[in-house]
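There are 2 protein chains.
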Amino acid sequence: MARTQGSHSEITGPRIRAAALKLFAEHGYAAVSMRQIAREVGVQAGALYNYTPDKQDLLFSLMKQHMDELLEACADRVKDGDATTRLHNFVDFHITFHMGRADEIFIAYMELRNLSPENFHTIETLRRAYEDVLEAILTAGLVEGVFDVPNPKVTTRAIIAMLTGITTWYRPDGALSPPEVSDLYWNMTRKSVGV
Amino acid sequence: MARTQGSHSEITGPRIRAAALKLFAEHGYAAVSMRQIAREVGVQAGALYNYTPDKQDLLFSLMKQHMDELLEACADRVKDGDATTRLHNFVDFHITFHMGRADEIFIAYMELRNLSPENFHTIETLRRAYEDVLEAILTAGLVEGVFDVPNPKVTTRAIIAMLTGITTWYRPDGALSPPEVSDLYWNMTRKSVGV
DNA sequence: ATATTATCTGAACGGGTGTTCAGGGCAAGG
DNA sequence: CCTTGCCCTGAACACCCGTTCAGATAATAT
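These protein sequences, in sequence, are chains V and R. Counting with our numbering, you get residues 1 to 195 for the letters of the first sequence. Counting with our numbering, you get residues 1 to 195 for the letters of the second sequence.
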């Protein structure tokens, strides 16, 4: 027996990625086996290797895709306006973007150490590029004379850590709506940079 | 052959805990085997079971001990003064305490999902108790009329996330000294709550 | 209708996993 | 000096790991 009814690359491929994403986020990369992923998809473990060269690449490509989408979507959102407007847009973007992708975020921040050295380097570079977007906004605000930020590098990390922490408690069915969360965090961010 | 020269419970026990702490922090609980821990200590894997009932308990007891020490040390630091003073003390305590314990923090935040349900519940309760310390300070500041904090619960999580993020970039041999870091973060925290 | 190709199965590979335990050696107590 | 008991070894247990691959089948192209 072999190829079963309805089998198709364009269906199975995304299903494998979705299953891996979900399971990696839930249990961690190291704790999830290829056989578990295969079972979730309804396929034998060997079939996964039609879609990924190995387990490491499955993790890496999920993280890479996430970071690429993050950077692309971010760039559109923060290119216009004065520093305060751009900062507001960045905060709102970060929160909104991350709320719909809890699993991706979790993996992007938790599984860095399970990447091979060269894969780690690639993801780390993208992560730094994202930080640089915020740092550029803070520096622009300093130049405009509207922000009170003694150390833009540290402030960048502080703000991103604060915003990303939302994923540890936010639930779609919780007490706060996304706009309410965005507003709360924007006010904290705004005040912390002295606007 | 069996008991080797120099073997002793009071030496081996802590060495096992130290090795597990280091390896869990470096590679993650699921990626570290009992044989790796044993090798780090210079002992056979079977010997570990004189000191821990199983691998899960080894992780749990490390996390539990960390949380207990965190809560005890914290309580001493924030019991006196007005809300602003207590907030300042909390921020400084959190940063100082965490800087010397990078491995413990890493595990406490990253390995929650590898705890058994009942162990998770225990640690989660302690974590919430720690959050409650900060939330009580914020609420006290509201009562005193000195803080501008629309939502103390969310603000608590935001501040803790921001402060804990330090562990992802701080290095003892880096550009900033601990007091400088503490000062930078205190100013951001202070401004974000409107003081 | 037939040939080709894409897709999947099922078994196998070598090796690693957490954990148990009988037995042996070291140190301390009588 | 001899016994007692703690500490450790080394082998074994049953099972799971990532990965490979020959062979079988379904869909597609001719």
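C-beta atoms are modelled at their ideal positions from N, C-alpha and C, and glycine is treated no differently.
Find the residues of chain R that neighbour residue i, judging by a C-beta separation of less than 9 Å, and give them in chain order.
| i | result |
| --- | --- |
| V:T156 | Going along chain R, no residue has its Cβ under 9 Å from V:T156, so there is no contact; the nearest lies around 10 Å. |
| V:N114 | H27, G28, A31 |
Between residue i and chain V, is there a C-beta pair that is closer than 9 Å?
| i | result |
| --- | --- |
| R:H206 | Shown here, chain R extends from 1 to 195; a query on residue 206 of chain R therefore has no answer. |
| R:T84 | no |
| R:M63 | no |
| R:K191 | yes |
| R:T125 | no |
| R:D148 | yes |
| R:V133 | no |
| R:L176 | yes |
Report the three-state DSSP secondary structure of residue i (helix, strand or coil).
| i | result |
| --- | --- |
| R:A108 | helix |
| R:N151 | coil |
| R:G196 | Because chain R in this structure spans residues 1 to 195, residue 196 of chain R falls outside the shown range and cannot be described. |
| V:Y51 | coil |
| V:S177 | coil |
| V:Q44 | coil |
| V:R171 | coil |
| V:S182 | helix |
| R:S33 | coil |
| V:G76 | The sequence as given places Asp at residue 76 of chain V; Gly does not occur at that position. Correct three-state label for V:D76: helix. |
| V:V146 | coil |
| V:D57 | helix |
| V:H8 | coil |
| R:G81 | coil |
| R:G28 | coil |
| R:M1 | Per-residue confidence for R:M1 stands at a pLDDT of 45, beneath the threshold of 50, marking its modelled position as unreliable; the derived number appears in the next sentence. Correct three-state label for R:M1: coil. |
List, in chain order, every chain V residue whose beta-carbon is nearer than 7 Å to that of residue i.
| i | result |
| --- | --- |
| R:M34 | In chain order: nothing, as chain V lies at least about 14 Å away. |
Got a sec: is the Cβ-Cβ distance from residue i to anything in chain R below 9 Å?
| i | result |
| --- | --- |
| V:L142 | no |
| V:W186 | no |
| V:M1 | Its pLDDT being 43, under 50, V:M1 is placed unreliably in this model, and the coordinates cannot settle the point. |
| V:G194 | yes |
| V:D92 | no |
| V:D54 | no |
| V:T96 | no |
| V:S168 | Note that residue 168 of chain V is Thr in the sequence shown, not Ser. Cβ-Cβ to chain R under 9 Å: yes for V:T168. |
| V:V181 | yes |
| V:L70 | no |
Residues of chain R with a CB under 7 Å from the CB of residue i: which are they?
| i | result |
| --- | --- |
| V:N151 | L184 |
| V:G165 | R157, A158, A161 |
| V:M110 | M110 |
Would you mind listing the alpha helix (DSSP H) stretches within the segment 84-137 of chain R that are 4+ residues and don't spill past its ends, in chain order? Counting only runs of 4 or more, we get 102-110.
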